[in-house]
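Enquirer: Below is the structure I would like to discuss, written out as structure tokens.
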């Protein structure tokens, strides 16, 4: 575990380039992550509204059946 090999340095350079490279790539990534989280929360709210209790069923009107004539 003495010195770092060339592969270690390449991995470190790639990570640094991803984090600090370009104009605000890190802030762009964080903004995209925030948009994803916000969309996920809105989706959960939509599901909660869809799963509200349905209205209670209306009772059937009480009617008497006419007796059948035997014959």
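In our numbering, the protein residues as written are 1482 to 1552.
Note that the Cβ used here is the ideal one computed from N, Cα and C, for glycine as well.
Would you report the Cα separation of residue 1484 and residue 1508, rounded to the nearest angstrom?
Expert: Looking at the two C-alpha atoms, the distance is approximately 33 Å.
Enquirer: Rounding to the nearest angstrom, what Cα-Cα distance links residue 1506 and residue 1512 in this structure?
Expert: The alpha-carbon atoms of residue 1506 and residue 1512 are separated by roughly 10 Å.
Enquirer: Provide the residue span of the alpha helix (DSSP H) that contains residue 1491, from first to last.
Expert: Counting along the chain, the alpha helix (DSSP H) containing residue 1491 begins and ends at 1487–1501.
Enquirer: Excluding the 5 residues preceding and the 5 following residue 1487 in the sequence, name in chain order all residues of the same chain whose CB lies nearer than 8 Å to its CB.
Expert: There are no such residues.
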